[in-house]
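Asks: In the working numbering, the protein residues as written are 2 to 530. Here it is: the structure, laid out below.
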């Protein structure tokens, strides 16, 4: 029997991690980091509960931290199996996991300086750079559409998810007592007509679907409308002589922003101003993108074939060192600054926000999802002041929230993708969404399709039961007989209730009849089942 335990991304967006157990196989789909408030981040310390040392595989849908960020931790705790993902995902994980480990070490060092002063015990980082380097030895890259046997009755296939470079939908095929079943994990489903990566593959056959719901309760603005908003923010910032600050995820979002800026400049839609890519991680990711043109969509491929460089600009300046980053805020006049992290809770973006949030003419352009508890979420929700580096900073800059650049499908696109499944008995499990969003999306699915829908809880375990054999279905005559048996059982229960009110019968006789009725009822129950 295939069992699954939900170790993350249930009624919350981050921390994707699902433990699957089948025969003697134990493996994870994703091993992501929880991100957000302190309470949710405590779950990053629960990895020992699923015994990493006994896992044979981690199947990785893509490189984002909320899907891959705890891999070094489980390696530290004894994992020695294979981490299977696409080649592009492996390349991106090399830079992402090293960067994450560096952040873990820096944050632990900063916390320990405070702890020493206050007489508290030192803390250890979640994992170290050494752990991250070691984890890279366990990766086994595959091609985008490759299938692998993990056991005699267990096969996995990778399909394109869109979303980011190398992202995958996982198709897991298994057998129970000769009965075949298929479970599909959507990973993060990309948008239709995204800028760089192809559309998500259509999957038609499955018995179980685990589908993300990041934007399951809303629609995105169109890409053209979102481009127009970004251009307006840039033009306003330049007019004011101020900075345009764009927090961006290092992977995909940064490259899409560069792609759009290239288009704006080609069309002469704003004057030449410096564009700073202030994220060593995003710089490295952009170089990796250039190595994998086979993962691009048709339009991106066409531009490259025409000799264009959509990920480059004449005014683009890479800021690799801390000194180069700090120098940006000493520069006078307008500039576009793209920096990580996308949710503003770490990285160099916090310095740029500290220097510009309080300036009325500055423009802050939010282009991605902001999880609960993050600095970015506070800004989007309209906070008048925020705390950055132990200092209160007033929010006077103009904040633009542009959701049309999202790498996640919206409600309409998700429903359209789900609508391709043909099995009317499909069971759907809603994951990777805030609780209210996942519950709302479940209702939308139930209103549109005949599928069974569940919204699981953290640490919940379920069994994926194989579909019943068609030959075992009852013919109409047997169905009618079972209905009569059920009706008779109800009548017997009614008779049993009336016996207690039959005053003319002796107690001994009443007990004999009750025993007979109970035995008959029990026999009928067995027949009905």
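Where is the CB? At the ideal position from N, CA and C, for every residue including glycine. For clarity, every value in this text was computed on a predicted model and none was experimentally measured.
1. Quick check on residue 94: does DSSP put it in helix, strand or coil?
2. For residue 154 and residue 74, what's the separation of their Cα atoms in angstroms?
3. Quick check on the burial criterion: 16 or more other C-beta atoms within 10 angstroms. Buried or exposed for residue 406?
4. Look at the alpha carbon of residue 291 and the alpha carbon of residue 28, and state the distance between them as a whole number of angstroms.
5. Whole angstroms are fine: how far does the CA of residue 195 sit from the CA of residue 272?
6. Excluding the 5 residues preceding and the 5 following residue 178 in the sequence, name in chain order all residues of the same chain whose CB lies nearer than 8 Å to its CB.
7. What are the boundary residues of the beta strand (DSSP E) that residue 3 is part of?
8. Got a sec? Which residues, its chain only, sit under 6 Å from residue 211 by beta carbon, not counting five neighbours each side?
9. Should the stretch 395-411 be called in touch with the stretch 366-379, which here means at least 3 C-beta pairs below 8 Å?
10. Buried or exposed, going by whether 16 or more other CB atoms sit within 10 Å of the CB of residue 458?
11. Please report how far the alpha carbon of residue 252 lies from the alpha carbon of residue 319, in whole angstroms.
12. Any contact between the stretch 409-428 and the stretch 244-260? By contact I mean 3 or more CB pairs, one from each, below 8 Å.
13. Return the residue from the list 311, 364 and 351 that minimises the CA-CA distance to residue 392.
14. Would you say residue 150 and residue 159 are within 8 Å of each other, going by their C-beta atoms?
15. Rank 358, 311 and 280 by C-alpha distance to the C-alpha of residue 342 and give the top, closest one.
16. DSSP three-state call for residue 166: helix, strand or coil?
17. In whole angstroms, what is the alpha-carbon distance linking residue 453 and residue 200?
18. For residue 37, which of helix, strand or coil comes out of DSSP?
19. Looking only at its chain, what residues have a beta carbon closer than 8 Å to the beta carbon of residue 125, apart from the 5 residues adjacent to it on each side?
20. What does residue 142 pair with, by DSSP beta-bridge criteria?
21. Give me the Cβ distance between residue 197 and residue 256, rounded to the nearest whole Å; I'm assuming they're in contact under 8 Å.
22. Give the DSSP-derived three-state secondary structure of residue 248 in the structure shown.
23. Can at least three beta-carbon pairs, one atom from the stretch 440-454 and one from the stretch 232-247, be found at a separation below 8 Å?
24. Taking the straight line between their C-alpha atoms, what separation do you get for residue 91 and residue 20?
25. Any chance the stretch 6-25 sits against the stretch 61-79, with 3 or more Cβ pairs inside 8 Å?
26. Per DSSP, which one or two residues make a beta bridge with residue 19?
27. Rounded C-beta distance between residue 31 and residue 61? I'm assuming under 8 Å.
28. Smallest Cα separation from residue 327: which of 345, 354 and 301?
29. Between residue 316 and the rest of its own chain, which residues show a CB-CB distance below 6 Å, the 5 nearest in sequence each way excluded?
30. Please name the residue or residues paired with residue 365 in a DSSP beta bridge.
31. Expressed to the nearest angstrom, what Euclidean distance is found between the alpha-carbon atoms of residue 89 and residue 241?
32. If you follow the beta strand (DSSP E) that residue 182 is in, where does it begin and where does it stop?
33. When the distance is taken between beta carbons, is residue 215 closer than 8 Å to residue 142?
34. Let me check understanding here. Comparing Cα to Cα, which of 164, 168, 93 and 202 lies closest to residue 283?
35. How would you label residue 239, buried or exposed, when you count the other beta carbons within 10 angstroms and need 16 or more for buried?
36. If contacts are defined as beta-carbon pairs under 8 Å, then residue 294 and residue 287 qualify, I think. What distance do you get, rounded to the angstrom?
Replies: The relevant details are as follows:
1. helix
2. 30 Å
3. buried
4. Note on geometry: alpha-carbon atoms of residue 291 and residue 28 lie some 32 Å from one another.
5. 26 Å
6. Closer than 8 Å at the Cβ level, and outside the excluded window around residue 178, lie 467.
7. 3-7
8. Closer than 6 Å at Cβ, skipping near neighbours: 186, 430 and 432.
9. Cβ pair count under 8 Å is three or more, so yes.
10. Under a 10 Å Cβ-count criterion, residue 458 is classified as exposed, with fewer than 16 other Cβ atoms of the shown protein chains found around its own Cβ.
11. 16 Å
12. no
13. 351
14. no
15. Proximity to residue 342 across 358, 311 and 280 peaks at 280, based on C-alpha coordinates.
16. coil
17. 26 Å
18. coil
19. 109
20. 86
21. Right, their Cβ atoms sit about 6 Å apart.
22. Three-state DSSP puts residue 248 in a strand.
23. no
24. 21 Å
25. yes
26. 7 and 30
27. 6 Å
28. 354
29. 273, 275 and 276
30. In DSSP, residue 365 forms a bridge with 246 and 400.
31. 41 Å
32. Its beta strand (DSSP E) spans residues 180-186.
33. no
34. 93
35. buried
36. So it is not a contact: roughly 13 Å between Cβ atoms.
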